[in-house]
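First to last, the sequence lines map onto chains A and B. The first sequence: position 149 = 149 (our numbering), numbered continuously. To convert, take the position in the second sequence, counting from 1, and add 190; that gives our numbering. Notes follow once the structure below has been shown.
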Amino acid sequence: MEPTTAPTKPQFSPAAQAEIKRLLTHYPEDRSKSALLPILHIAQAEFGGWVSPEVQDLVAETLGIKPIEVYEVSSFYTQYNLKQVGKHVLEICRTGPCMLRGSDELTAHLERITGAKVGSTSPDGTFTLKEVECLAACGFAPIVQVREKYYEQLDTPEAVDAMLNELKSLVHRPILPWEETGLPNSLKNY
Amino acid sequence: MGRKLLTEHINVEGINTFEVYRKHGGYRSVEKALKTMTPDEVVEEVKKSGLRGRGGAGFPTGMKWSFLAKPEGVPRYLVCNADESEPGTFKDRQLMSKLPHLLIEGMITGSYALGARTSYIYIRGELLYVLRILEKAIAEAYAAGFLGENILGSGYSLDLHVHPGAGAYICGEETALLESLEGKRGNPRNKPPFPAVQGLYARPTVVNNVETIAAVVPIINEGGDEYAKLGVGKSTGTKLISACGHLNKPGIYEIELGVPVEEFIYSDEYCGGIWKGRDLKAVVAGGSSVPILPKELILKNAAGENRLMTYESLSDGGFVTGTMLGSGGFIAMDETTCIVKNTWNFSRFYHHESCGQCSPCREGTGWMEKVLHRLEHGHGSMHDIDLLVSVAKQIEGNTICPLGEAAAWPVAAAVRHFRHEFEWHVTNPKEATAPGAAYRGTAVLA
Chain A
1 MEPTTAPTKP
11 QFSPAAQAEI
21 KRLLTHYPED
31 RSKSALLPIL
41 HIAQAEFGGW
51 VSPEVQDLVA
61 ETLGIKPIEV
71 YEVSSFYTQY
81 NLKQVGKHVL
91 EICRTGPCML
101 RGSDELTAHL
111 ERITGAKVGS
121 TSPDGTFTLK
131 EVECLAACGF
141 APIVQVREKY
151 YEQLDTPEAV
161 DAMLNELKSL
171 VHRPILPWEE
181 TGLPNSLKNY
Chain B
191 MGRKLLTEHI
201 NVEGINTFEV
211 YRKHGGYRSV
221 EKALKTMTPD
231 EVVEEVKKSG
241 LRGRGGAGFP
251 TGMKWSFLAK
261 PEGVPRYLVC
271 NADESEPGTF
281 KDRQLMSKLP
291 HLLIEGMITG
301 SYALGARTSY
311 IYIRGELLYV
321 LRILEKAIAE
331 AYAAGFLGEN
341 ILGSGYSLDL
351 HVHPGAGAYI
361 CGEETALLES
371 LEGKRGNPRN
381 KPPFPAVQGL
391 YARPTVVNNV
401 ETIAAVVPII
411 NEGGDEYAKL
421 GVGKSTGTKL
431 ISACGHLNKP
441 GIYEIELGVP
451 VEEFIYSDEY
461 CGGIWKGRDL
471 KAVVAGGSSV
481 PILPKELILK
491 NAAGENRLMT
501 YESLSDGGFV
511 TGTMLGSGGF
521 IAMDETTCIV
531 KNTWNFSRFY
541 HHESCGQCSP
551 CREGTGWMEK
561 VLHRLEHGHG
571 SMHDIDLLVS
581 VAKQIEGNTI
591 CPLGEAAAWP
601 VAAAVRHFRH
611 EFEWHVTNPK
621 EATAPGAAYR
631 GTAVLA
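Spelled out as structure tokens, the structure:
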């Protein structure tokens, strides 16, 4: 038999399909396009931390809208990664309050120890570094976000090491609705 | 020690659960409103309270509510703006993470007042973990009969949903937020029509900040008149201040409006002074968009009177010698801070976040970023300093949403008060671009 070369079309897992079905009940029936942003988040979590054109087409098909309606949205919002990313995407806040508390030094430090440059992935595919604007945790600066988790007060090499150690054993998986992903330390002790 | 109307129970173990929240007096405002008050009476209490929008604009909430169009048979919406993105501001994240039921309670009472049958909380996409906390709390509220059909047997029904953004500062602008909630790019709409007439799905809509909606709870519980007794003049009630930058104790503080700025920065009850024993250089008092003030002008106004944490006192002197309370994002900068670098950083932010619809903003923010970059890196000229002011002026007032002003004001104010420091970057580029360099000369105070 001839081996097939056609790429397999991505499909949402049953859990993701159920979540999408639940989300669609939140909006009026003729306004289901409202679910586009949350569904793109689900898609990104399902398919390796980024949304390929094929995945975006799947989202369009799921909502019954034109692919261009997905592309114009995915390219507007900075959280959607349009290119393949490493295992862990480190989103480093670079805005004023974080800069005042050392985000420039943090970025340089992370570039040194991960081997990745901002905007690219380390050669071993483990880390992608991405600079982002204000993450709304300015009192606990400097900050890195990895998927849904905030790592705060990364102003010492020890704090950065603790984050990287935790990431070493972390396997990303899509998160189910209502599943609590845990508060950052800063919020535990108000 | 001022009264805490929102955060009194924030550290109670398990306060994020319905059961513990209810035990501490939670959901009383819903019972009171639905059982003993008409919707208009709820609006009236909010008007009496003097509550002003806590997201930054400071517009009277009761008045905003009374503008809502109520055509017969047409659904209307209350949408909570939880797109907290203004640099320096991080209060809503804390409030929602720790006290999800406070926001839900405010949403129910507010939705009842406005006659909304479906309401949304639009939360910035970076806070997906907070979205999950809210969803869990909403499920608890449904199970307890505070959401869904016929709440507490009152005949009033409400559905409440949380909706994530995906990384875009502009979605904090209310019409961009509504576009985003409809599954589109976050491009602000032309106004009029205002959301009160044509908002979400072209239906009448009110958009309020998280803290504003949370404040409705104590207002209904204690009455608008009682709430208005707190604070000073037209700055009533309490405000969450996000304190960050070079402070000994950065964090969230719920203050009674009227605390002197000096006390807020230096007393141990609040920020505990400037870190590392250094001197204060400047403060951005209300989120990155508001004018920066040098130490002398943030502690005292031009007449030498103590500046207070109120809408009026902070704006005393207009944009010549004053600033704004804004969102309460309080960024303190110590004596080693380079104002040029900080201004460049903020300009880069606004350029990055401009949606690109209006050319004065799309092009102007890019110009300001580039000019500031060359000044900061020692390649600027004296003409560049005036060019900055000129570009800022040409953005201001020429865009369909306030991002233009938000980008222009910080630049204009930095040049106004720290012109010597900009000039020093031109005349002494080597010194100014050395690592850790900071100008120590005097600021312009008038």
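Every residue gets a Cβ at the ideal spot worked out from N, C-alpha and C, and that includes glycine. All figures in this text were calculated on a predicted structure; none of them were measured in a lab.
Taking C-alpha positions only, A/V55 is separated from A/D30 by approximately 23 Å. Inter-residue distance for A/T8 and A/L167 is about 30 Å (C-alpha atoms, whole angstroms).
By the Cβ rule, the region 308-318 of chain B counts as touching the region 132-141 of chain A, because three or more pairs are nearer than 8 Å. Counting only residues of its own chain and dropping the five nearest sequence neighbours on each side, B/T511 has a CB closer than 6 Å to the CB of L487 and A492. For the pair B/N399 and B/G245, the CB atoms are nearer than the 8 Å cut-off. DSSP places B/E444 inside the beta strand (DSSP E), whose first and last residues are G441 to E446.
Each residue's CA atom was taken as its position, placing B/L483 and B/A596 some 15 Å apart. Between the region 105-118 of chain A and the region 76-96 of chain A, the count of C-beta pairs closer than 8 Å reaches three or more; the two stretches touch. Within the region 353-402 of chain B, the complete beta strand (DSSP E) segments of 3 residues or longer fall at 395-399, listed in chain order. For A/Y151, no Cβ of chain B is located within less than 8 Å of the residue's own Cβ. About 7 Å separates the Cβ atoms of B/T513 and B/G476, confirming a contact at the 8 Å cut-off.
For B/A433, the enclosing beta strand (DSSP E) begins and ends at T428 to G435. Close CB contacts of B/E364 within its chain, under the 7 Å cut and outside five residues either way in sequence, are with N271, P385 and V397 (chain order).
Beta-bridge pairing by DSSP links B/G338 to B/L348. Rounded to the nearest whole angstrom, the C-alpha separation of B/Y267 and B/S301 is 8 Å. Taken in chain order, the complete beta strand (DSSP E) segments of 3 or more residues contained in the region 264-316 of chain B are 267-272 and 308-313. Three or more pairs of CB atoms, one per stretch, sit closer than 8 Å, so the region 409-420 of chain B contacts the region 231-242 of chain B. Note that the region 95-112 of chain A does not touch the region 43-60 of chain A; fewer than 3 beta-carbon pairs, one per stretch, sit closer than 8 Å.
Under the criterion of beta carbons closer than 8 Å, B/V616 and B/S571 qualify as touching, at roughly 6 Å.
Under a 10 Å Cβ-count criterion, A/A162 is classified as exposed, with fewer than 16 other Cβ atoms of the shown protein chains found around its own Cβ. Taking all protein chains in view, the Cβ of B/H436 is crowded by 16 or more other Cβ atoms within 10 Å, so the residue is classified as buried. Residues of chain A whose Cβ lies closer than 8 Å to the Cβ of B/L565 do not exist; the shortest such Cβ separation is about 17 Å.
Per DSSP, the unbroken beta strand (DSSP E) holding A/E91 starts and ends at H88 to C93. Under a 10 Å Cβ-count criterion, B/I311 is classified as buried, with 16 or more other Cβ atoms of the shown protein chains found around its own Cβ. Restricting attention to B/W557, B/E446, B/N438 and B/H214, the CA atom closest to the CA of B/K424 is found in B/E446.
The straight-line gap separating the alpha-carbon atoms of B/L390 and A/R22 is approximately 21 Å.
Contact between the region 290-298 of chain B and the region 446-458 of chain B is absent: fewer than three C-beta pairs spanning the two stretches fall below 8 Å.
Neighbours of B/K490 in chain A, taken as residues whose beta carbon is under 8 Å from its own, are absent, since the nearest beta carbon is some 24 Å off. Residue environment analysis places A/E72 among the exposed positions, since fewer than 16 neighbouring C-beta atoms fall within 10 angstroms of its C-beta. Here B/L635 is not bridged, per DSSP, to any residue.
Using a CB distance below 8 Å, the part of the region 430-445 of chain B facing chain A consists of S432, A433, C434, G435, H436, P440, G441 and I442, ordered along the chain. By the Cβ test, the region 545-557 of chain B is not in contact with the region 520-535 of chain B, since fewer than three Cβ pairs between them sit closer than 8 Å. By the C-beta density criterion, B/K288 is buried, having at least 16 other C-beta atoms within 10 angstroms. For B/G373, the closest C-alpha among the options A/L36, A/L100 and A/E19 is that of A/L36. In the DSSP annotation of this structure, the continuous segment of the beta strand (DSSP E) that includes B/D524 starts and ends at G519 to D524. In the DSSP assignment, the residues bridged to A/V146 are A/K149.
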